[in-house]
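**Student:** If you scroll down you'll find the structure; I have some questions about it.
Numbering (our numbering), first residue to last: 116 to 267.
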């Protein structure tokens with residue numbers, strides 16, 4: 116049973132557009148993300164490595180918003196499951212999402228175990244965040260990372 120709307124699919128496609136802006140590297144995924152209010156108005160966007168310091172898409176989308184803005188109840192769309200562990204030592208995206216008060220996260224694909232064993236979806240759910248897998252865009256999200264399949 117489909118648990119997302121046509122608007123959610125459109126917003127996921129906007130996240131995919133963000134992910135397509137990534138400079139591909141053999142040691143990281145290309146991910147796009149955006150944050151909306153409860154009505155679907157886009158508040159910010161981000162993509163992997165948009166900012167210096169090995170930044171992730173979710174992190175960039177969060178940093179694009181004024182720190183004084185209350186994000187409680189907002190929604191995130193991301194092409195890949197938010198990370199639960201960072202090899203770089205940076206704060207994982209799951210913790211950033213929880214700290215921001217985001218209530219719902221739409222994901223395109225779960226993170227493959229290429230670099231770390233990710234438990235982002237389960238951790239978000241454990242903390243009361245609703246997580247929705249948008250299977251309709253899964254193939255498009257996987258294509259963002261075809262550079263990793265060639266590298267293997």
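Just so it is clear, CB atoms sit at the ideal spot from N, CA and C, and this is done for glycine as well.
Quick one: what's residue 247 bridged to in DSSP?
**Tutor:** Note: residue 247 sits in a beta bridge opposite 221.
**Student:** Are residue 179 and residue 159 close, meaning C-beta to C-beta below 8 angstroms?
**Tutor:** yes
**Student:** How would you label residue 167, buried or exposed, when you count the other beta carbons within 10 angstroms and need 16 or more for buried?
**Tutor:** Its Cβ having fewer than 16 others within 10 Å, residue 167 is exposed.
**Student:** Taking the Cβ atom as the reference point for each residue, do residue 157 and residue 195 lie within a distance shorter than 8 angstroms?
**Tutor:** no
**Student:** Looking at the unbroken beta strand (DSSP E) that takes in residue 180, where does it start and where does it end?
**Tutor:** Neither: residue 180 is in no beta strand (DSSP E) and is coded neither H nor E.
**Student:** Specify the secondary structure class of residue 237 as computed by DSSP and reduced to three states.
**Tutor:** DSSP places residue 237 within a helical segment (H, G or I) once states are collapsed to three.
**Student:** What separation, rounded to the nearest whole angstrom, lies between the Cα atoms of residue 118 and residue 148?
**Tutor:** 19 angstroms
**Student:** Run through DSSP, which three-state label would residue 146 get?
**Tutor:** coil
**Student:** Residues in its own chain within less than 8 angstroms of residue 153 by CB, not counting five upstream and five downstream?
**Tutor:** 188, 189 and 190
**Student:** From the DSSP output, read off the bridge partner residues of residue 151.
**Tutor:** 157 and 190
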